[in-house]
Amino acid sequence: MKASQLAAVVLASLAVGAGTGAAAWNLNAPPEPAAVVVEQAATSPQVTVDNPQGVLSAEDTQRIQDNTQRIPFASSVRHVYYVVFGESDSNVNDTVENFFRDNHPEAIGDKYFADGVLIIGAATDQRQVFAFAGEDVDAQVDIRGRADSIIEAMRPGMRDGNIPGAFHAGATEAADAQRREERILASAQNDQAGVTALAGGGGFVATAAAGSALLYRRKKRREAIEQGRRDYAQVTGEYGELAGRLDGLNIRAHSLSSGFADATLRNQWSEVQDRFLTLHDTVSGAGGLSSIDMSSDDAVYAHREQLRSAALTVQQTSNAESNINRLFDLERGDAAVRRKAVEDLRADVLAAEAEVKDSYLRGLLRDVRTRLESLATEPTSEDFLDGFITTLGDYRTVLEQVRKEEMSDVKEREELRTPRLYDADTWYPSFVPYVALSSWHQSNVQAAQAAQSSSTNSSFSSGFSGAGASGGY
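When you line the sequence shown up against mature numbering (1 follows the signal peptide of the UniProt record, and there is no 0), it's residues -18 to -1, 1 to 455, in that order.
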């Protein structure tokens, strides 16, 4: 978006929306601080820590109790219950309700939690945290309305395995009288600013939105045209030379004879080779790339998908060539290639050792690393290739155990993609290195956290209506 274009949109929008904000500002003044004071408790509330499945240590329990004494609770809070479940129902709220009916009937009524009650807890098996309260506590500090912020306050500690810290953050956010006052004033001030902005900016927003949408479409079109010209340059610059090497590359691919030369490798080579061979008509045939008027933005934009597909095929064929040549040199005894292969794999093993928690699995990883270090001392040995392939296979087996034992804590929202021969920097057919495995797992963790963070659950299967909610961490 050019600066001159943006300026024109802004000036036009300001002209449409000017002159209506001042009155709105005066009509929506926030309350005086004295009007929103939340009475603070004169004494600390009673504290109960329940640990039915033994998740907490004695030290954890003591920390929770000590931390509670430092929180300036609102006057309505008379009894704080902390609960940690190691096992829970699919709806954690039901587990909370049933637990209190069985163990603390004085703290729960037919429809609501008893007055004076604040409940902070977690269900570690479901990766859920929760906060509930009696109706008088909710009336004073708004547990229902602020459930999202209370649960959000607990998430960092739970993700770090610090349950006492998470509970302290949750209880502080839930019933700290001073924070409640600050939130009310801040919300009122934001509302004042928001109403003023809406009053003065309705015309601005409408005008700006239309102008911005147009500029955005132009920007995306320009980016597509620039990409199309880069794709054309790549295809016309690399296709001819790569086509001249294709027969020799095909012979080399089929000459691979070690354990690397499996059906997967050959099938992937055939796939990318076939796609490359079909490019002849695409590049020089009637209606092909050579017929596109590359000086015309409209023509380039109209053929952008055809250009992108051709460039991708050229790039993937080039990647396959590099990977086949490397495997060929590895088989034929190139000492430098072999040393680099060992060092690259060793670096991946070291990354796994640094992150894997299980001591048994770390021991298996150390064994793999020791074998690689031994191979590195004699890269030209006749036994090198067999030893390297065997070690690689054993490492793959260890990584499968790592995936099963340490990466099954969240749902696989993203499919693990196995590297292909025509990918850049592919190592070996069907082998997923630890760094790729770890990145995949982290993506799943982040996706799970985002899904959990986006919603809270305030429902009970029984129809119970206690104030509060649960949410994932």
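C-beta: ideal position from N, C-alpha, C; glycine also.
If you're wondering where the values come from, they're calculated on a predicted model, not measured in any experiment.
Can you tell me whether residue i is buried or exposed? The criterion is at least 16 other CB atoms within 10 Å of its CB, across all chains shown.
| i | result |
| --- | --- |
| residue 400 | exposed |
| residue 213 | buried |
| residue 342 | exposed |
| residue 441 | exposed |
| residue 230 | exposed |
| residue 150 | buried |
| residue 154 | buried |
| residue 63 | buried |
| residue 295 | buried |
| residue 330 | buried |
| residue 61 | buried |
May I have the straight-line CA-CA distance separating residue i from residue j, to the nearest angstrom?
| i | j | result |
| --- | --- | --- |
| residue 446 | residue 30 | 23 Å |
| residue 221 | residue 205 | 24 Å |
| residue 24 | residue 193 | 58 Å |
| residue 452 | residue 251 | 51 Å |
| residue 431 | residue 423 | 12 Å |
| residue 248 | residue 357 | 27 Å |
| residue 328 | residue 313 | 19 Å |
| residue 261 | residue 219 | 14 Å |
| residue 137 | residue 407 | 37 Å |
| residue 225 | residue 320 | 29 Å |
| residue 18 | residue 123 | Residue placement at residue 18 cannot be trusted, given a pLDDT of 48 that sits under 50; the coordinates are not used to answer. |
| residue 26 | residue 37 | 26 Å |
| residue 437 | residue 410 | 42 Å |
| residue 130 | residue 396 | 27 Å |
Between which two residues does the alpha helix (DSSP H) harbouring residue i extend?
| i | result |
| --- | --- |
| residue 262 | 261 to 266 |
| residue 150 | 145 to 157 |
| residue 291 | 286 to 313 |
| residue 131 | 129 to 141 |
| residue 331 | 317 to 337 |
| residue 341 | 341 to 358 |
| residue 370 | 366 to 388 |
| residue 75 | 74 to 85 |
Kindly give me the distance between the Cβ atoms of residue i and residue j, rounded to whole angstroms, as I take these residues to be in contact under 8 Å.
| i | j | result |
| --- | --- | --- |
| residue 426 | residue 380 | The pair is not a contact, with the Cβ atoms about 20 Å apart (cut-off 8 Å). |
| residue 449 | residue 117 | 6 Å |
| residue 373 | residue 354 | 6 Å |
| residue 135 | residue 152 | 5 Å |
| residue 286 | residue 209 | 7 Å |
| residue 362 | residue 317 | 5 Å |
Over the uninterrupted beta strand (DSSP E) stretch that includes residue i, give me the two end residues.
| i | result |
| --- | --- |
| residue 100 | 99 to 105 |
| residue 29 | 28 to 32 |
| residue 47 | Looking at the DSSP string, residue 47 is not in any beta strand (DSSP E); the run it does join, the alpha helix (DSSP H), is 40 to 50. |
| residue 413 | Taken as a continuous stretch (DSSP letters only), residue 413 belongs to no beta strand (DSSP E), as it is neither H nor E. |
| residue 110 | 110 to 115 |
| residue 67 | 61 to 67 |
| residue 451 | 449 to 454 |
task: Specify whether the region 250 to 258 and the region 287 to 306 touch according to this definition: at least 3 beta carbon pairs, one from each stretch, less than 8 Å apart.
output: yes
query: Taking one C-beta from the region 38 to 56 and one from the region 80 to 96 each time, how about it: are there three or more such pairs within less than 8 Å?
result: no
field: contact_flag[the region 67 to 77, the region 104 to 117] where n(CB pairs < 8 Å) is 3 or more
entry: yes
- prompt: Can we say the region 380 to 390 touches the region 409 to 419, given the rule of at least three CB pairs closer than 8 Å?
  reply: yes
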